[in-house]
Structure formats: structure tokens, C-alpha cells
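Visitor:
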Amino acid sequence: MANCQTPGKRSPTAEFPNLLLSTTYALNKSNSKRVCIGLEYSNGYYHQVNKLISNGPMYKNITLDENNWTLLKDQFVAITAYLNNSYSFYYEFGHPVKIYLTNHDLNFSTAYGIKSITIDERPKNTQRSEEDKEG
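Okay, so the sequence shown: first residue is 1 according to UniProt numbering, each after it adds one.
(1) If you count every other CB in all the chains shown that lies within 10 Å of the CB of V49, and 16 or more means buried, which is it?
(2) Check whether the Cβ atoms of L52 and I37 lie closer than 8 Å to each other.
(3) Considering only their Cβ atoms, is the gap separating R122 from N103 smaller than 8 Å?
(4) Could you name the residues of the same chain whose beta carbon sits closer than 6 Å to that of N85, not counting the 5 residues immediately before and after it, in chain order?
(5) Measuring only the C-alpha atoms, how far is Y100 from V35?
(6) Assuming contact is defined by CB atoms lying nearer than 8 Å, are S88 and A78 in contact in what I supplied?
(7) Quick check: S32 and S54, are their CB atoms within less than 8 Å of each other?
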């Protein structure tokens, strides 16, 4: 069984249970962001999971099940347009600040002329807030 994690001070099993048949891919040239794909055991079954991992000082990650990964994958056109060509992004998608997934939010932001997309994880089985629904 492979451990989809980076050695560090944290307990590896606390946040990253072992994944069966896992594979890790770098998402950028510096290998600071990675995706780990594997099977996770829970409630007597193995489920496909995708973990997006950041190697920053806090070593953050989010876990996407097969359904959430499909929803995120459906947004790749918008993400690519936003990062590569803002005109086509705004022409085709309007001016979204946030895209809602099942348990995650994709936030589009620009700071000092640099575009970024963050993925925030909400607690499981929670809906977006009323403020977000109105805005």
C-alpha cells in the first residue's frame, strides 16, 4: 500500500489514510502541488479518491470522491480560460467569483495582477450560505 504523503512532523495516518494502488502526479514544475489518485477503504468498501495536495508550510489537502472530481473536471474549461485568456473567460462565463461544487467552492481571484484559483472545502453535507446564494 502506498502512502500518499510527504514525510514531516504530522502523523501520516491522521490525515492521509493509506491508499491502495495510489499514484501521485505533479501539477506544477516545482512539484509543490500534486494530485494523488487511489482507493481508500471505508465502511467495508474501497472508494476512488483524488487528493489535491499543497506542500506549503501547513501541508494542506482536499479529498475529492469520484462525483466531486467529475464536477471539478467539468469546470476545467472555465479554469483554463480564466488562467490563460481573461477575455474568453469573461465572454463565455460572465464574471463569476465563485463556482459551487458539492462540498467545495472554487474561488477566482486576482492579486497584484496575478490570477489564482483556490478550492475551499466545506464540512461534509453542508449547503452554501444564504449570503452566497444571493450574491
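Glycine is no exception: its CB is placed at the ideal position from the N, C-alpha and C atoms. The structure displayed is predicted, hence computed values, not measured ones.
Guide: Working from what's here:
(1) Taking a 10 Å sphere around the C-beta of V49, we find 16 or more other C-beta atoms and assign the residue as buried.
(2) No; because the gap between Cβ atoms is not below 8 Å, this pair is not in contact.
(3) Taking C-beta atoms as the reference points, N103 and R122 count as a pair closer than 8 Å.
(4) There are no such residues.
(5) Distance between the alpha carbons of Y100 and V35 is about 20 Å.
(6) No, Cβ-Cβ distance for S88 and A78 is not below 8 Å.
(7) Yes, Cβ-Cβ distance for S32 and S54 is below 8 Å.
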